[in-house]
Structures are given as C-alpha cells and as structure tokens.
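So the sequence shown is numbered by full-length UniProt numbering: it starts at 1 and just counts up by one. Okay, structure first, notes after.
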Amino acid sequence: MILLQINQLSKYFGADPILSNIKLEVQTRDKVAIVGRNGAGKSTLLKIIAGVMSHDSGDIIKPKDVSIGYLAQDTGLESQLSIWEEMNLVFKELQLMEKEMRLVEQRMATVDPAHESLKFEKLLKEYDILQVKFKENGGYQYEADIRSILHGLGFSEFDPGTKISSLSGGQKTRLALGKLLLTSPDLLILDEPTNHLDIETLTWLEQYLQNYPGAILIVSHDRYFLDKIVTQVYEISRHTSTKYLGNYSSYLQYKAENYEKELKSYERQQEEVAKLKDFIQRNLARASTTKLAQSRRKKLEKMDLMNRPLGDEKSANFQFDIERQSGNDVLKAKDISVSYDSVHPVISNISFSILRGDSIALVGPNGIGKSTLLKSIVQKLDSLTGSFALGSHVQIGYYDQQQADLTSNKRVLDELWDEYPQKTEKEIRTVLGNFLFSGDDVLKSVSTLSGGEKARLALSKLMLQNANFLILDEPTNHLDLDSKEILENALIDYPGTILFVSHDRYFINRIATKVFELSPNHLREYLGDYDYFLTKKEEQLELERLEQEAGGKSASQKVMTAQPEGKLSYQQEKEQKKLERQKQRRIEEIEAEIGHIEEQIEKNEALLCDPNIYQNHEEVQRINSENELLQSKLENLMNEWEELH
1 MILLQINQLS KYFGADPILS NIKLEVQTRD KVAIVGRNGA GKSTLLKIIA GVMSHDSGDI
61 IKPKDVSIGY LAQDTGLESQ LSIWEEMNLV FKELQLMEKE MRLVEQRMAT VDPAHESLKF
121 EKLLKEYDIL QVKFKENGGY QYEADIRSIL HGLGFSEFDP GTKISSLSGG QKTRLALGKL
181 LLTSPDLLIL DEPTNHLDIE TLTWLEQYLQ NYPGAILIVS HDRYFLDKIV TQVYEISRHT
241 STKYLGNYSS YLQYKAENYE KELKSYERQQ EEVAKLKDFI QRNLARASTT KLAQSRRKKL
301 EKMDLMNRPL GDEKSANFQF DIERQSGNDV LKAKDISVSY DSVHPVISNI SFSILRGDSI
361 ALVGPNGIGK STLLKSIVQK LDSLTGSFAL GSHVQIGYYD QQQADLTSNK RVLDELWDEY
421 PQKTEKEIRT VLGNFLFSGD DVLKSVSTLS GGEKARLALS KLMLQNANFL ILDEPTNHLD
481 LDSKEILENA LIDYPGTILF VSHDRYFINR IATKVFELSP NHLREYLGDY DYFLTKKEEQ
541 LELERLEQEA GGKSASQKVM TAQPEGKLSY QQEKEQKKLE RQKQRRIEEI EAEIGHIEEQ
601 IEKNEALLCD PNIYQNHEEV QRINSENELL QSKLENLMNE WEELH
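So this is what it looks like as structure tokens:
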C-alpha cells in the first residue's frame with residue numbers, strides 16, 4: 001500500500017529555488033533515507049510532508065487514514081508534567097476505555113443474572129466488545145511499552161516522577177523521540193534522530209527501527225545508522241531528487257557507477273558528433289559526396305544530445321599540518337578528578353597516558369564526563385585532584401562541540417583574520433574558500449551562521465593553528481556526510497596525535513587506533529578501532545557470564561568450565577574465516593563477470609551507432625535481444641553482489 005506519493009514538488013524561498021521537481025514514494029514498511037548536503041532542502045522537505053510548511057507547486061498524495069508522526073531536528077519536549085505522566089498521555093484513549101470497562105464491571109456486579117438475564121447478557125456483550133478492542137489496541141501492554149522505550153533511551157535510572165522541566169535539552173529531545181515512538185504512526189518521519197544519543201542508545205534505536213512495523217522516512221548524517229536501517233535512499237542535490245535502492249553504502253556505489261556510465265555515454269556521443277561534424281565540413285561542398293554529407297547533417301539534427309553528467313557538488317578541501325613534532329610522550333594524566341560544582345566529582349582517580357601518533361577515541365554513555373575530561377585537559381575547567389603533564393613541544397588544538405567561541409557579531413572574514421593578522425586577505429579568503437565560504441559568504445555575521453557553517457569555520461581556525469595534538473569534542477556534529485568524509489581523510493593523513501570524543505561509529509572506526517572507555521572512576525584502554533572494542537566488550541561479558549555460572553567452583557574448575565567454550569569459539573572463528581574467504585572469492589568472480597558483461601554491452605551499443613549496422617533491421621534486433629539478456633544477467637549478478645556484501 002502506498003502511504004505517501006510526491007509528484008513534481010517545488011518550494012521557493014523568495015526567488016531562490018530550494019526544491020524543484022521532487023518525486024518520492026513511500027510504501028508500507030519502507031525504510032527510506034533522504035540524504036544531501038547541508039542546505040540542500042532535506043529538512044524543508046520533511047516539514048512539507050509533515051504539514052508544518054507549505055509548498056509552491058506539485059502534489060502530495062496520501063490516504064486520509066494514514067497517520068504521520070514527525071520529529072523535527074533538536075525538538076525538545078516542553079512540559080510541566082512528570083516523565084511517566086507525559087508518556088501516559090499517548091494512551092489517553094486506552095485509559096478512557098479502561099475506565100469504561102471498570103464501569104461496566106461495576107454495573108454487572110449489581111445485576112442478578114438469574115432474574116435479569118437479558119440485561120446481564122447485554123452488559124456482558126458490551127464488556128466483551130470493549131475488552132477485545134482494548135486488547136487489540138495494546139491495552140494490556142502499553143505500560144510495559146512505556147518502560148521499554150524509557151529504558152532504551154537511557155531513562156531507566158530516572159524516577160518516573162521526575163519533572164520534565166528539570167531535564168537538560170538533550171534529555172528533553174530523547175523524551176520527545178520516545179513519545180513519538182510510543183504513538184507508533186503508519187509513517188514515522190525523523191529529522192536527525194541520532195543527535196544527543198550515546199552509542200548504547202543508538203544501538204537500541206537501530207534495533208527498534210529495524211523491527212518497526214510502519215514505514216520510516218529519515219534524515220541522518222550517521223552512516224553506520226543508515227546502513228543498518230534503510231533500504232532506499234533519495235538524494236537531494238541541485239534542488240532535485242534521485243532514487244537509489246539499497247542502504248547508504250549501496251547508494252554511494254551505485255551513484256559512482258551511474259556517473260561513470262553516464263560520462264562514458266556522453267563522451268562516446270561527443271566523439272560521434274565530432275566525427276559527423278568533421279565529415280559534413282569536409283564533404284558538403286563536394287558534388288560527389290554532398291548527399292552523404294546532407295544525410296549526416298540530418299542525422300546530427302535528429303540526435304538527442306546528452307548533457308555532460310554533473311559530478312558531485314563542490315566539497316570542502318583541507319588538511320591538518322603541524323609546525324613541529326612533539327616528543328614521544330604527549331600527555332600523562334594521574335589520579336584526575338573533575339567536577340563542575342567543586343564538590344561532587346563527575347569522574348575521579350582517572351589515570352592514562354597518550355603517546356605521539358596515537359589516535360584515541362574517548363567513549364562512554366552520555367553524562368559520564370567525556371567533554372568534562374577534555375575541558376580539564378585544555379584548562380577550561382580545573383581538576384579537583386591529580387595532574388596533567390604535557391610532553392615536550394606539545395601544542396594543543398581544541399575543537400569544542402558547542403562552538404562556544406563562535407558567537408561573535410564579526411564577519412566570517414574578520415573572525416579568522418583577527419586571529420591571524422599576519423596573513424593577507426587573499427590567503428584568508430583562500431582558506432575560507434577551502435571550507436566552502438566563497439564570495440559574499442565571507443561577509444556574513446558569524447552569529448547568523450548555521451550549525452554546519454559554524455563547524456566549518458571552527459575547523460578552518462583549527463587548521464591554521466598547525467597544532468601537533470588535536471583534542472576534538474564531537475567534531476562531526478552539524479557536518480553533512482560529504483564534509484565528514486573530508487574531515488576523516490584529513491585526520492587520517494594528520495602527522496600528529498589525536499584525542500577525540502564522537503558518537504559516530506563509522507568515524508571512530510576510520511580514525512581510532514585506540515579506544516579509551518570512560519567510567520566514573522576508571523578508564524580502560526583498548527588497542528584497536530571501534531569494532532575491535534565491541535568484540536572485546538562481548539568477550540568480557542561472556543567471561544563474566546561464565547564466571548557467574550561457575551558460581552562457587554574453584555579457580556581450576558572455572559578454567560576447566562571455560563576451556564571447552566574457548567575451543568568451540570576458536571573452531572567457530574576458524575569456520576567463519578573460511579566462509580569469509582569463500583565469500584570474498586565469489587565477490588571477486590562476480591566483479592570480474594560484471595566488468596566483462598558491461599564491456600560487451602558497450603561494444604553492442606557502439607555497434608548500434610555504426611551506419612552499416614543500424615540500417616540492418618535484423619542485426620539491430622539481434623543486438624538488442626542480446627543486450628536485454630546481458631542486462632538481465634547483470635542485474636542478477638548485482639543483486640547477488642549486494643547480498644554478499
């Protein structure tokens with residue numbers, strides 16, 4: 001069933017087009033992502049679909065009985081009620097139905113079945129109808145659903161009576177998401193739902209949305225999240241939409257492949273046009289060949305000329321360098337305790353060391369003190385106890401997730417130039433141009449910039465510092481997917497040391513060589529990326545489970561108990577690696593076969609452009625039939641390739 005259909009939708013802000021000729025379709029249980037650069041119009045499109053904003057032209061078609069739930073970006077739940085009371089509002093109708101059932105029960109208790117059988121049967125029938133409806137609408141489980149959602153979104157430790165007005169902005173945003181999930185609409189529209197979620201909560205949300213019974217339309221800059229959930233991607237670029245099947249990784253692959261194919265077709269046509277023009281120019285004036293030249297000219301006039309395919313829109317372009325190399329020991333922290341109120345420590349007795357060349361991800365649940373620890377390292381917050389010791393020649397470059405230093409009314413140009421007055425205006429404009437501030441953009445007031453623009457400006461300031469130790473607090477917040485990739489590549493090539501906090505698991509996997517897991521009074525080090533960290537955590541949980549099962553057994557008995565499990569895991573790992581090798585070989589075979597088929601299709605298409613061929617009807621029919629078979633085979637191979645990946 002089609003829940004939503006959009007045809008040729010357009011939206012203008014003043015005279016400037018934001019969206020043009022947008023087409024989109026969502027069916028029952030579809031999981032659809034809308035992707036594109038910051039400012040492409042993704043959030044605008046979601047607002048139009050949700051009815052929050054009007055559109056200028058086009059059609060939005062949806063059945064009357066389809067329910068739509070919409071969560072805007074960074075929408076906090078403002079309420080004077082408690083957490084439990086607010087969540088209960090979702091089930092107001094069920095609660096009224098339950099009261100009605102209780103009233104019918106009371107009336108039944110006052111009726112004597114022996115003497116008032118008809119009245120009793122009528123009440124019994126009414127009660128049965130109410131009970132069935134109550135059950136079908138989740139009346140016996142809605143309280144369990146509330147507890148499950150609150151637990152998944154990190155509110156399990158909260159008193160249900162906690163007033164929402166006393167919560168932080170991030171907590172209110174999570175509650176708004178939880179309330180929307182409880183309504184369970186036919187079409188769930190989410191704009192950046194992963195903001196303010198830690199990794200544990202993100203993982204829960206992924207699993208919840210994977211099993212969500214309705215359709216989902218989502219905007220997110222979290223690639224890991226999109227790959228887990230979505231099965232279709234609509235790209236908004238240059239005001240228009242393009243549909244791709246598969247998750248985000250598939251979209252990137254198909255987009256690159258389509259561009260290459262379109263470019264080859266365009267170049268092939270351009271070669272043919274050049275040959276035709278050359279033939280016409282050389283032979284039109286000659287009496288013996290003028291008819292041939294005229295024939296070629298007619299063919300040229302009838303050709304449907306292709307436009308050169310548009311590549312990706314302009315991307316930021318930057319890299320991080322260092323002024324001088326630091327010593328081998330970059331930072332040593334000993335017995336660190338930090339607090340905001342100088343009384344109750346957020347973290348206590350934390351010790352760790354960082355060496356030159358380390359790229360360390362600091363992870364842990366929200367509120368554990370990750371940003372607090374970074375602020376204490378850069379002396380924006382004093383530690384209660386302990387000490388930090390910086391190594392020789394260490395220069396720190398700090399990126400604040402709140403971009404607190406970028407609230408001035410200066411122009412963008414002056415914000416950067418005032419910090420580096422020794423540089424010329426041309427040099428400053430070149431740096432800003434690399435971060436996509438061009439033309440009049442550099443004359444904007446900093447305070448009016450969007451979150452993504454402020455993030456790019458903060459990164460431009462960081463780049464010019466040439467620091468050899470980067471401390472980054474959520475550097476990917478507010479960045480679109482393309483800018484994230486540019487930042488990742490710049491950090492991978494960076495010759496210094498990095499300590500960063502991020503909830504973007506894909507980003508952590510690409511950047512981190514170590515993971516520091518922070519808890520209130522402990523910091524544990526893992527030598528590897530995020531996937532390695534997860535594997536080790538699972539192993540630790542398994543060992544703890546085995547120890548609990550071993551109970552009161554002796555140490556040797558515990559080892560004896562654990563050994564078969566270890567051997568079994570080793571055999572399973574061996575078998576898994578064998579299957580992985582087989583799968584990789586098959587992927588390579590498919591890729592080679594795909595390449596061969598595509599070459600054959602291209603040869604056939606070139607033959608169809610040959611005058612000796614296209615004038616031969618039977619030969620054209622044969623080539624077209626062969627191409628259809630090849631296309632069918634190619635599609636099957638692509639499907640198999642995608643499944644293997």
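For every residue, glycine included, the Cβ atom is placed at its ideal position computed from N, Cα and C.
Might you give, ordered along the chain, the residues of its own chain that have their beta carbon closer than 8 Å to the beta carbon of K567, omitting 5 neighbours on each side?
Locating residue 567 in the sequence shown gives position 567, counting from the first residue. Summary for K567: the model assigns pLDDT 39, below 50, so the residue's position carries little reliability, and this model does not support an answer.
Is the region 408-428 in contact with the region 390-398, if contact means three or more CB pairs nearer than 8 Å?
Contact between the region 408-428 and the region 390-398 is absent, because fewer than three Cβ pairs lie under 8 Å.
In whole angstroms, what is the alpha-carbon distance linking A33 and Y340?
Your numbering for residue 33 matches position 33 in the sequence shown. Your numbering for residue 340 matches position 340 in the sequence shown. Between A33 and Y340, the C-alpha separation is close to 39 Å.
Between which two residues does the beta strand (DSSP E) holding K332 run?
Locating residue 332 in the sequence shown gives position 332, counting from the first residue. First-last of the beta strand (DSSP E) with K332: D329 to V338.
Which value, in whole angstroms, describes the spacing of the CA atoms of V501 and K370?
By one-based count along the sequence shown, residue 501 stands at place 501. By one-based count along the sequence shown, residue 370 stands at place 370. Rounded to whole angstroms, the gap between the alpha carbons of V501 and K370 is 7 Å.
Let me check one thing: in DSSP terms, what residues is A361 bridge-paired to?
The residue given as residue 361 occupies position 361 in the sequence shown. For A361, which the question treats as bridged, DSSP gives the partners F500 and V515.
Enumerate, from N- to C-terminal direction, the unbroken alpha helix (DSSP H) stretches of 4 or more residues contained entirely within the region 369-398.
Here the runs fully enclosed are 370-377.
Where the alpha helix (DSSP H) through S351 begins and ends
Residue numbering aside, residue 351 sits at position 351 when the sequence shown is read from its first letter. Secondary structure note for S351: it is in no alpha helix (DSSP H), and the uninterrupted beta strand (DSSP E) holding it is I347 to L355.
Other residues of its chain near A555: CB distance less than 7 Å, five sequence neighbours each side excluded
If you number the sequence shown from 1, residue 555 lands on position 555. Summary for A555: the model assigns pLDDT 43, below 50, so the residue's position carries little reliability; its value from the coordinates is reported in the next sentence. Closer than 7 Å at the Cβ level, and outside the excluded window around A555, lies no residue.
In this structure, does DSSP put F155 in helix, strand or coil?
As a first step, residue 155 is located in the sequence shown; it is residue number 155 there, counting from the start. Residue state, collapsed to three classes: coil.
If you reduce the DSSP assignment to three classes, tell me which class Q5 lands in.
The residue you call residue 5 lines up with position 5 of the sequence shown. Q5 falls in the strand class under three-state DSSP.
Runs of beta strand (DSSP E) lying entirely within the region 429-468, each at least 3 residues, in chain order
Runs of the beta strand (DSSP E) inside the region 429-468: none found.
Is residue 648 buried or exposed, if buried means 16 or more other CB atoms sit within 10 Å of its CB?
For residue 648 there is no data in the structure shown, the boundaries of the chain being 1 and 645.
Within a Cβ cutoff of 8 Å, which residues of the same chain sit near Y266, ignoring the five residues on either side of it in sequence?
Along the sequence shown, read from residue 1 onward, the residue named residue 266 stands at position 266. Cβ within range, chain order: M306, N307, R308 and P309.
Where does K11 sit, in a helix, a strand or coil, going by DSSP?
Mapped onto the sequence shown, residue 11 falls at position 11. Residue state, collapsed to three classes: strand.
Apart from the five residues on each side of it in sequence, which residues of its chain come closer than 6 Å, Cβ to Cβ, to D526?
By one-based count along the sequence shown, residue 526 stands at place 526. Inspection of the sequence shows that residue 526 is occupied by Tyr rather than by Asp. Once the five neighbours on either side are set aside, the close Cβ partners of Y526 are V515, F533 and K536.
Go ahead and label R586 buried or exposed: buried means 16 or more other beta carbons lie within 10 angstroms of its beta carbon, across all protein chains shown.
As a working mapping, residue 586 is identified with position 586 in the sequence shown. Per the 10 Å Cβ criterion, exposed.
Span of the alpha helix (DSSP H), counted from its first residue to its last, around R268
In the sequence shown, the residue the question calls residue 268 occupies position 268. Looking at the DSSP string, the run of the alpha helix (DSSP H) that includes R268 is Y248 to N283.
Does the beta-carbon of Q95 have 16 or more other beta-carbons within 10 angstroms, so that it is buried, or is it exposed?
Translated into the one-based positions of the sequence shown, residue 95 becomes position 95. Classification for Q95: exposed.
Give the secondary structure of H239 by DSSP, where H, G and I count as helix, E and B as strand, and everything else as coil.
Reading the sequence shown from its first residue, position 239 is the one you call residue 239. Coil, per DSSP.
Restricting to Cα atoms, I'd like to know which of V363, E602, H503 and E628 is closest to L263.
In the sequence shown, the residue the question calls residue 263 occupies position 263. Here the closest residue by C-alpha is E602.
Among residues of its own chain, excluding the 5 on either side of L637, which ones have a beta-carbon nearer than 7 Å to its beta-carbon?
Stepping through the sequence shown from its first residue, residue 637 is reached at position 637. Same-chain partners within the cutoff: I590, E593 and I594.
Can you tell me whether P193 is buried or exposed? The criterion is at least 16 other CB atoms within 10 Å of its CB, across all chains shown.
The residue you call residue 193 lines up with position 193 of the sequence shown. So P193 counts as buried.
Cβ-based burial, F13 [other Cβ within 10 Å; buried from 16]:
Numbered from 1 along the sequence shown, position 13 holds the residue referred to as residue 13. Burial call: exposed.
What are the partner residues of G214, as DSSP defines its beta bridges?
Working through the sequence shown from its first residue, we reach residue 214 at position 214. Answer is none; G214 lacks a bridge partner.
Alpha carbon to alpha carbon, how far is D128 from S632? Give it in angstroms, no decimals.
By 1-based counting over the sequence shown, the position of residue 632 is 632. By 1-based counting over the sequence shown, the position of residue 128 is 128. Roughly 56 Å between the two C-alpha positions.
Local Cβ density within 10 Å of T476, reported as buried at 16 or more and exposed below that:
Along the sequence shown, read from residue 1 onward, the residue named residue 476 stands at position 476. Buried: at least 16 other Cβ atoms inside 10 Å.
Apart from the five residues just before and just after G452, which ones in its own chain have a Cβ nearer than 8 Å to its Cβ?
Position 452 of the sequence shown holds residue 452. The residues are N38, G39, H478, L479, D480 and S483.
Pull up the distance between the alpha-carbon of S519 and that of G364, whole angstroms please.
Numbered from 1 along the sequence shown, position 519 holds the residue referred to as residue 519. Numbered from 1 along the sequence shown, position 364 holds the residue referred to as residue 364. Going by the C-alpha atoms only, they are around 7 Å apart.
If you reduce the DSSP assignment to three classes, tell me which class N21 lands in.
Residue 21 sits at position 21 when you count from the first residue of the sequence shown. Collapsing the DSSP output to three states places N21 in a strand.
Using DSSP with H/G/I as helix, E/B as strand and the rest coil, what is H196?
As a working mapping, residue 196 is identified with position 196 in the sequence shown. The answer is coil: DSSP assigns H196 none of H, G, I, E or B.
With a threshold of 8 Å on Cβ separation, who are the neighbours of I18 within its own chain once the five nearest residues in sequence on each side are excluded?
Along the sequence shown, one-based indexing puts residue 18 at 18. For I18, where only same-chain residues beyond five positions count, the Cβ hits under 8 Å are K11, Y12, G41, T44 and H239.
Would you identify the three-state DSSP class for S408, choosing helix, strand or coil?
As a working note, residue 408 is residue 408 in the sequence shown. In the structure shown, the three-state DSSP call for S408 is coil.
Excluding the five sequence neighbours on either side, which residues of its own chain have a C-beta within less than 7 Å of the C-beta of A50, listed in chain order?
On the sequence shown, position 50 is the one that residue 50 refers to. Same-chain partners within the cutoff: I68, Y70 and I189.
Spatial neighbours of Q563 within its chain, please: C-beta separation below 6 Å, excluding the five flanking residues on both sides.
As a first step, residue 563 must be located in the sequence shown, where it is residue number 563. Residue confidence for Q563 is low, a pLDDT of 38 falling below 50, so the modelled location carries little weight; the figure read from the coordinates is stated next. Cβ neighbours of Q563 beyond the five flanking positions: none.
Are the Cβ atoms of D222 and Y506 separated by less than 9 Å?
Taking the sequence shown and counting its residues from 1, the one referred to as residue 222 is at position 222. Taking the sequence shown and counting its residues from 1, the one referred to as residue 506 is at position 506. The criterion of a C-beta distance shorter than 9 Å is satisfied by D222 and Y506.
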